[in-house]
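**Q** The listed protein sequences derive, respectively, from chains A and B.
For what it's worth, this note's numbering labels the leading residue of the first sequence as 57, then goes sequentially.
For what it's worth, this note's numbering labels the leading residue of the second sequence as 71, then goes sequentially.
Heads up, the beta-carbon is just placed ideally off N, CA and C, and yes, glycines get one too.
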Amino acid sequence: MKEFLEGSMAVARTVQLCKPGVISAYPITPQTHIVEELAQMVADGHLNAEFVNVESEHSAASVVLGALAAGVRAYTATSSQGLLLMSEVIFNIAGMRLPLVLTDANRAISAPINIWNDQQDTVSLRDAGWVQLYVENLQETVDFHIMAYKLAEDKNIMLPVMVCMDGFILTHGIESVDMPSQEQVDKFLPPYKALYKLDVDNPMTLGPLADPDYYTEARYAIQETQKKVLEVIPRLTADFARAFGRTYNGLIEEYHTKDAERVIVAMGSVCGSIKDVVDELRSKGKKVGLLKIVSYRPFPAQEIYDALKNVSKVGVVDRAVSLGSFAPLASEIKATFFGKKKKPDTISSFVVGLGGRDITKDSIKEIFRMLTQKEKTGEFIDLKPELLKENYE
Amino acid sequence: MFGPLNCKAGTSKKNKTGAWRVELRPKYLHQNCIACKLCVTACPEGCIIPGEKNAFEFDAAYCKGCGLCAAICPKKDIAMVKEEEQKSK
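In structure tokens form, the structure reads like this:
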């Protein structure tokens, strides 16, 4: 049924439909509304789950790790500094192959302290072994949470999934959302049955010591499973389309890329604005397009290659930086084409919208305009030079 | 794909830590033992078999040769000796 919902409310309602047995979270802007709403549902008896209050995100992540180790479906949500505080446990959850679903309300990292949106938090944890899905709007947010549980709990996958939604823009934005019914979700997502769990009748050690004789194989197995996820996601989205009537690619989304001369590559909510600009420029006869990356981990290199191999000018929009090196998404797009015969003439890289700075249609038009020039590397868009004059000598 | 992930209980019995011993192994002198069992509690492998006075033994399959039993013995009734020395006798 279509409803007019705030993003956080839509996430909470979706998580409720997925019936986790344990929820633990620590409030942090702009994620708080999600778990606030879930706590209310548990208190009101509308969700049969344990809501565990904790003193930090490190503990929240540890609680949901423990719940999954005991064989119970679990959920947590966080943002920014909270995700970083969880980071030690984040690596453990993937290493222990526990199918957690976590929502991150993407927010900038301190210092300077900033509560607004960019994607530095989740991008910084790209190497943790998690599946990372970046959503564009609230309908995708709802749908990818349901798919996230099914993907994570796939007995051939058993990896945690991070659904990355842009803070404020999506968490606090209000849109019309087609909310699935409980019957639909129950049919699509069966109750969680753990492949291994802590059980006094069948004692087992989870996450034991792996010395140099074992560790490499444990990591190799995750790497190979990540590749497997690239095969599972298209089947999953096809199943989802049959069950809910909404079709996604799940790895990438191509928007007017087929005949495009200039294409922007981006992740998350900014893709909505880019689509508007593409429409506008297309109406003026400009051959422009958008490639949206949905699955950042695993990185769908083959799909990206196929989508961009005939495009002459590519511009990669990063809402994060790898300070001291190239922008993260851009370097991976470039790596995709290294040594290939068919490839774009230029792959430019732009760092945009850090700490919640608006990415306006003009910013996007400026990027498209710059794509006609020579290749740019890590070009900061909408930079204010007058703010760079501070001096402490 | 799963690599080494979990293990069933009881695997420490399969891990014969005696192979870690390099030079020294304990020798129970069986002269002044008072059966206080301090060596039993100190042993990190739990491989000392207690008994009557002067009748304690250890399981060489698990003894790592760490020497804690010899160090803690109040009667200095456990000596650390070279592997070869023990075998030659």
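1. So which residues on chain B does R153 of chain A lean against when the C-beta distance must stay under 7 Å?
2. Buried or exposed for Q87 of chain A, going by 16 or more other Cβ atoms inside 10 Å?
3. Let me make sure I understand the geometry here. Which of A:G380, A:I202, A:S368 has the alpha-carbon closest to that of S237 of chain A?
4. Could you check which residue in B:K146, B:G121, B:G135, B:C139 has the C-alpha nearest to that of R95 of chain B?
5. Taking beta-carbon pairs under 7 Å, can you tell me which members of the segment 249 to 274 of chain A lie near chain E?
6. Cα separation between G77 of chain A and Y252 of chain A?
7. Does the segment 141 to 152 of chain A touch the segment 259 to 275 of chain A, meaning 3 or more C-beta pairs lie closer than 8 Å?
8. Could you tell me how far apart the beta carbons of S112 of chain A and Y82 of chain A are, in whole angstroms, since I believe they sit closer than 8 Å?
9. Short of 7 Å in beta carbon distance, which residues of its chain neighbour A316 of chain A, apart from the five on each side in sequence? Order them along the chain.
10. With a threshold of 8 Å, are at least 3 pairs of Cβ atoms found where one atom belongs to the segment 134 to 154 of chain B and the other to the segment 101 to 109 of chain B?
11. Taking 9 Å as the cut-off, decide whether the C-beta atoms of V179 of chain A and R375 of chain A are in contact.
12. What residue range does the beta strand (DSSP E) around M150 of chain B cover?
13. Taking the straight line between their C-alpha atoms, what separation do you get for I420 of chain A and I278 of chain A?
14. Quick one: does the C-beta of A89 of chain B sit closer than 8 Å to a heavy atom of the ligand NAP?
15. Starting from F60 of chain A, trace the beta strand (DSSP E) in both directions and tell me its first and last residue.
16. Quick one: what's N305 of chain A bridged to in DSSP?
17. Quick one: does Y276 of chain A have its CB under 9 Å from some CB of chain B?
18. Give every residue of the same chain whose Cβ lies closer than 7 Å to the Cβ of T281 of chain A, excluding the five residues on either side of it in the sequence, and list them in chain order.
19. Which residues mark the beginning and the end of the alpha helix (DSSP H) in which L385 of chain A is found?
20. Short of 7 Å in beta carbon distance, which residues of its chain neighbour T392 of chain A, apart from the five on each side in sequence? Order them along the chain.
21. T227 of chain A: buried (16+ other C-beta within 10 angstroms of its C-beta) or exposed?
22. So, for F200 of chain A: in the same chain, excluding its five sequence neighbours on each side, which residues have a beta-carbon less than 6 Å away from its beta-carbon?
23. Would a C-beta distance cut-off of 9 Å place G412 of chain A and I171 of chain A closer than the cut-off?
24. Rounded to a whole number of angstroms, what is the C-alpha to C-alpha distance between L61 of chain A and A164 of chain A?
25. Taking DSSP's pairing of strands, which residues face Y311 of chain A in a bridge?
26. Mind pulling the chain A residues with CB within less than 9 Å of K78 of chain B?
27. Reducing DSSP to helix, strand and coil, say where M235 of chain A ends up.
28. Tell me the rounded alpha-carbon separation between G122 of chain A and T81 of chain B.
29. State the beta-bridge partners of V217 of chain A as determined by DSSP.
**A** Looking at the coordinates:
1. Chain B residues near R153 of chain A: F72, L75.
2. With 16 or more Cβ atoms within 10 Å of its Cβ, Q87 of chain A is classed as buried.
3. Comparing Cα positions, the closest option is A:I202.
4. Among B:K146, B:G121, B:G135, B:C139, the Cα nearest to that of R95 of chain B is on B:G135.
5. Protein chains in the displayed structure are A and B, and chain E is not among them.
6. Distance between the alpha carbons of G77 of chain A and Y252 of chain A is about 17 Å.
7. Yes: the two stretches touch, three or more of their Cβ pairs being nearer than 8 Å.
8. Confirmed, about 6 Å.
9. Same-chain partners within the cutoff: K343, V344, G345, V367.
10. Judged by Cβ distances under 8 Å, the segment 134 to 154 of chain B makes contact with the segment 101 to 109 of chain B, as three or more pairs qualify.
11. Yes, they are a contact pair.
12. For M150 of chain B, the enclosing beta strand (DSSP E) begins and ends at 148 to 152.
13. Looking at the two C-alpha atoms, the distance is approximately 37 Å.
14. Looking at this structure, you won't find the ligand NAP or any other ligand, since it has none at all.
15. Run containing F60 of chain A: 58 to 62, per the beta strand (DSSP E) assignment.
16. DSSP, once it has assigned bridges, lists no residue as partnering N305 of chain A.
17. It does: the Cβ of Y276 of chain A has a partner Cβ on chain B nearer than 9 Å.
18. Excluding residues up to 5 positions away in sequence, I213, L215 lie with their Cβ nearer than 7 Å to the Cβ of T281 of chain A in the same chain.
19. Here the alpha helix (DSSP H) through L385 of chain A covers 384 to 393.
20. Result list for T392 of chain A: A357, I360, Y361, in chain order.
21. Result: buried.
22. For F200 of chain A, the CB contacts under 6 Å within the same chain, skipping 5 residues up- and downstream, are L189, V191, V219 in chain order.
23. Yes, they are a contact pair.
24. Between the alpha carbons of L61 of chain A and A164 of chain A lies a gap of roughly 25 Å.
25. Beta-bridge analysis with DSSP links Y311 of chain A to A:L346.
26. Within chain A, the residues placing a beta-carbon under 9 Å from that of K78 of chain B are N258, P259, M260, T261, ordered along the chain.
27. Coil.
28. Rounded to the nearest angstrom, the two C-alpha atoms are 22 Å apart.
29. Looking at the DSSP assignment, V217 of chain A forms a beta bridge with A:V157, A:V187.
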